[in-house]
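Participant:
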Amino acid sequence: MRLSTGRHRRTRTLSIAAAIAVASGAGGVYLGLSNGGAEAASTTVTVAGTAQLESAVRNAVAGTTIQVRGGTYQPTATLKSTANGTSSARITLRAYGGEKVRIDGSKLPDGSWLAGIYGDYWTVQNLTFVNSPAQGFVATSSVGGVFKNLVTADNGDSGFTLRGDGTTGNLVQNLDSHGNYDPAGHGQNADGIAIKFGSGTGNVVDGARLYNNSDDGVDLWQFSTPVTIKNSWAFGNGKNRWSDSAFEGNGNGFKLGGGGASVAHKVQNNAAWGNTLHGFTENSNTGAIVMYRNTAYSNAESGFYFATGKARLARNLAVSNKGLARLGSSAVSAANNWDSGVSTPSFKSTDATTAYGARGADGSLPATTFLTTGSATIGSTMN
Numbered sequence: 019m020r021l022s023t024g025r026h027r028r029t030r031t032l033s034i035a036a037a038i039a040v041a042s043g044a045g046g047v048y049l050g051l052s053n054g055g056a057e058a059a060s061t062t063v064t065v066a067g068t069a070q071l072e073s074a075v076r077n078a079v080a081g082t083t084i085q086v087r088g089g090t091y092q093p094t095a096t097l098k099s100t101a102n103g104t105s106s107a108r109i110t111l112r113a114y115g116g117e118k119v120r121i122d123g124s125k126l127p128d129g130s131w132l133a134g135i136y137g138d139y140w141t142v143q144n145l146t147f148v149n150s151p152a153q154g155f156v157a158t159s160s161v162g163g164v165f166k167n168l169v170t171a172d173n174g175d176s177g178f179t180l181r182g183d184g185t186t187g188n189l190v191q192n193l194d195s196h197g198n199y200d201p202a203g204h205g206q207n208a209d210g211i212a213i214k215f216g217s218g219t220g221n222v223v224d225g226a227r228l229y230n231n232s233d234d235g236v237d238l239w240q241f242s243t244p245v246t247i248k249n250s251w252a253f254g255n256g257k258n259r260w261s262d263s264a265f266e267g268n269g270n271g272f273k274l275g276g277g278g279a280s281v282a283h284k285v286q287n288n289a290a291w292g293n294t295l296h297g298f299t300e301n302s303n304t305g306a307i308v309m310y311r312n313t314a315y316s317n318a319e320s321g322f323y324f325a326t327g328k329a330r331l332a333r334n335l336a337v338s339n340k341g342l343a344r345l346g347s348s349a350v351s352a353a354n355n356w357d358s359g360v361s362t363p364s365f366k367s368t369d370a371t372t373a374y375g376a377r378g379a380d381g382s383l384p385a386t387t388f389l390t391t392g393s394a395t396i397g398s399t400m401n
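So the mapping is simple: this note's numbering equals the position in the sequence shown, first residue as 1, plus 18.
1. Just how far apart, CA to CA, sit Thr399 and Trp291?
2. Taking C-beta to C-beta, are Pro151 and Gly174 nearer than 7 Å?
3. Is Ser320 helix, strand or coil when you go by DSSP?
4. Label Thr29 either buried or exposed according to how many other C-beta atoms from any shown protein chain fall within 10 Å of its C-beta, with 16 as the threshold for buried.
5. Within the continuous beta strand (DSSP E) that includes Val337, where are the two ends?
6. By alpha-carbon positions, which one of Val285, Lys340 and Thr243 ends up nearest to Val236?
7. Select from Ile396, Tyr374, Lys366 and Gly381 the residue whose C-alpha is nearest the C-alpha of Thr390.
8. Do you know how far the Cα of Val245 is from the Cα of Asn188?
9. If you draw a straight line from the C-alpha of Ser364 to the C-alpha of Leu274, how long is it?
10. CB Phe322 to CB Ala349, shorter than 7 Å?
11. With C-beta atoms as the reference, is Thr243 less than 7 Å away from Ser217?
12. Just how far apart, CA to CA, sit Tyr4 and Phe241?
13. Is it buried or exposed for Pro93, if we count other Cβ within 10 angstroms and need 16 for buried?
14. State whether the segment 104 to 119 contacts the segment 71 to 90, with contact taken as three or more CB pairs (one from each stretch) at a distance under 8 Å.
15. Grab me the residues of Leu417's own chain with a C-beta within less than 6 Å of its C-beta, minus the 5 sequence neighbours each way, in chain order.
16. Quick check: the Cα distance between Ala379 and Asn192, rounded to an integer number of angstroms?
17. To test your reading of the DSSP string, which unbroken beta strand (DSSP E) runs of 3 or more residues are found completely within the segment 243 to 301?
18. Along the chain, where does the beta strand (DSSP E) containing Val222 start, and where does it finish?
19. Would you mind listing the alpha helix (DSSP H) stretches within the segment 179 to 238 that are 4+ residues and don't spill past its ends, in chain order?
20. Look at Ala332 and Ala306 and say whether their C-beta atoms are less than 7 Å apart.
21. First and last residue of the alpha helix (DSSP H) that includes Leu71?
22. Pull the bridge partners of Ile121 from the DSSP assignment, please.
23. When the Cα atoms are used, what is the spatial distance from Ser351 to Asn317?
24. According to DSSP, is Tyr310 helix, strand or coil?
25. Quick one: what's Phe165 bridged to in DSSP?
26. Are Asp209 and Asp233 touching if we call contact CB-CB under 7 Å?
27. When you compare the CB of Ser261 with every CB in chain B, is at least one pair closer than 7 Å?
28. If Gly137 and Thr100 are in contact, beta carbons under 8 Å, what's the gap, nearest whole angstrom?
29. Along the chain, where does the beta strand (DSSP E) that runs through Phe155 open and close?
This is how it looks when you write it as structure tokens:
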């Protein structure tokens, strides 16, 4: 339904008590998309307690901004919303100013997600989601979502998940997702970021740092339309850090499909190192995956494993993996360091310490010389 153009949007900044009352339906400030066609009010709600946060998320409507004061919040049920924003009246959930917000799932029932968004045009930023018994943050069939400067760590399944048909036009930017492990599955499901079991165009992962997860850094299992992944790092995945005697984690840096889907994902300027399986793998995806200027270093198996599909690989760099690249007859390979006549440039540093450092003030990856070569033509720029 279109928003009425006959009324200017009203802006309200409410006290906590008033905001929660309004969100519950009292006071009439949230106009929503009513039968009369009135435009949604733009309302800012500032919360400072767990119950207030739960209520604000549950009752958000188009135009709502929820600002969360610094501290630790421990919800007893999944933070969940089915509300839709619009392209001009987004729903925003963010930290207040530069304050540090930690949303901790240790009080949730077994099997619960920590946060679940089932709506369109949400912006979620500058928050940390930890200690969920299952997934840390899940967006289902989301359109136009912006998920920025988030941390998803030490959760009982994948840290960050996009899933469902109609998952379209979402941006996941500057995500740190690490230490996620699913004890029930002995580590075989918990990825840094999982874009799985769905479809939808225009989804982008940019500037992610995905490390020390029990399964893979990135997993695109059964997502049937192309995803773009760029400027991201996946490292240290698949190692049994939980003393699980039946551990089954895979340990790919970038797992780019599987489950029968044939999809031409786009993967550019990424790096994978120290993973217990492959750096980058098609995982039986037969689509024409585009691999451009990526670096695979010191992975336990192949740097690049594209044995069955129609991948297009150009200007990639593989060093000190068990194998440089395993490619099938349908793959196209040009100007990679394993191709004839292409030299392998030297790294400025193989010390990864700075890659674990603090991000920039804008959320960008830390400056590093690790795995940089200065080459303008081959391998990741590491930024």
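C-beta: ideal position from N, C-alpha, C; glycine also.
Facilitator: Once the coordinates are examined:
1. Along the sequence shown, one-based indexing puts residue 399 at 381. Along the sequence shown, one-based indexing puts residue 291 at 273. When rounded, the distance between both Cα atoms is 14 Å.
2. Position 133 of the sequence shown, counting from 1, holds the residue named residue 151. Position 156 of the sequence shown, counting from 1, holds the residue named residue 174. A contact, by the Cβ cut-off of 7 Å.
3. As a working mapping, residue 320 is identified with position 302 in the sequence shown. Three-state DSSP puts Ser320 in a strand.
4. As a first step, residue 29 must be located in the sequence shown, where it is residue number 11. Caution is warranted here: a pLDDT of 34 is assigned to Thr29, below 50, making its placement in the model unreliable, and the coordinate value is therefore given only provisionally. With fewer than 16 other Cβ atoms within 10 Å, it is exposed.
5. Residue 337 sits at position 319 when you count from the first residue of the sequence shown. Counting along the chain, the unbroken beta strand (DSSP E) around Val337 starts and ends at Leu335 to Val337.
6. Locating residue 236 in the sequence shown gives position 218, where the first residue counts as 1. Here the closest residue by C-alpha is Val285.
7. Residue mapping note: residue 390 aligns to position 372 of the sequence shown, counting from 1. Minimum Cα distance to Thr390 is reached at Lys366.
8. Reading the sequence shown from its first residue, position 170 is the one you call residue 188. Reading the sequence shown from its first residue, position 227 is the one you call residue 245. Answer to the nearest angstrom: the Cα atoms are 10 Å apart.
9. Against the sequence shown, residue 364 aligns to sequence position 346. Against the sequence shown, residue 274 aligns to sequence position 256. The alpha-carbon atoms of Ser364 and Leu274 are separated by roughly 28 Å.
10. One-based indexing of the sequence shown puts residue 322 at position 304. One-based indexing of the sequence shown puts residue 349 at position 331. Contact flag unset, no.
11. Taking the first residue of the sequence shown as position 1, residue 243 is located at position 225. Taking the first residue of the sequence shown as position 1, residue 217 is located at position 199. Yes. Within cutoff.
12. There is no way to answer for residue 4, as the model of the chain reaches only from 19 to 401.
13. Residue 93 sits at position 75 when you count from the first residue of the sequence shown. By the 16-neighbour rule on beta-carbons within 10 angstroms, Pro93 is buried.
14. yes
15. Outside the displayed range of the chain (19 to 401) lies residue 417, so it cannot be described from this structure.
16. The residue labelled residue 379 in the question sits at position 361 within the sequence shown. The residue labelled residue 192 in the question sits at position 174 within the sequence shown. Ala379 and Asn192: Cα-Cα distance of roughly 11 Å.
17. 245 to 248, 251 to 253, 284 to 286 and 289 to 291
18. Taking the sequence shown and counting its residues from 1, the one referred to as residue 222 is at position 204. Taken as a continuous stretch (DSSP letters only), the beta strand (DSSP E) holding Val222 covers Asn221 to Asp224.
19. none
20. Here the question's residue 332 lines up with position 314 in the sequence shown. Here the question's residue 306 lines up with position 288 in the sequence shown. Going by C-beta atoms, Ala332 is not nearer than 7 Å to Ala306.
21. Here residue 71 refers to the residue found at position 53 when the sequence shown is read from its first residue. Leu71 -> alpha helix (DSSP H) spans Thr68 to Arg76.
22. Translated into the one-based positions of the sequence shown, residue 121 becomes position 103. DSSP output for Ile121 lists Tyr91 and Phe147 as bridge partner(s).
23. The residue labelled residue 351 in the question sits at position 333 within the sequence shown. The residue labelled residue 317 in the question sits at position 299 within the sequence shown. Between Ser351 and Asn317, the alpha-carbon positions lie close to 20 Å from each other.
24. Here residue 310 refers to the residue found at position 292 when the sequence shown is read from its first residue. The three-state secondary structure of Tyr310, taken from DSSP, is strand.
25. Locating residue 165 in the sequence shown gives position 147, where the first residue counts as 1. DSSP, once it has assigned bridges, lists Val142 and Val190 as partnering Phe165.
26. Translated into the one-based positions of the sequence shown, residue 209 becomes position 191. Translated into the one-based positions of the sequence shown, residue 233 becomes position 215. Cβ atoms of Asp209 and Asp233: closer than 7 Å.
27. Protein chain content of the structure displayed is limited to a single chain, and chain B is not contained in it.
28. Looking up residue 137 in the sequence shown gives position 119. Looking up residue 100 in the sequence shown gives position 82. That pair is a contact at about 6 Å.
29. As a working mapping, residue 155 is identified with position 137 in the sequence shown. Residues Phe155 to Thr158.
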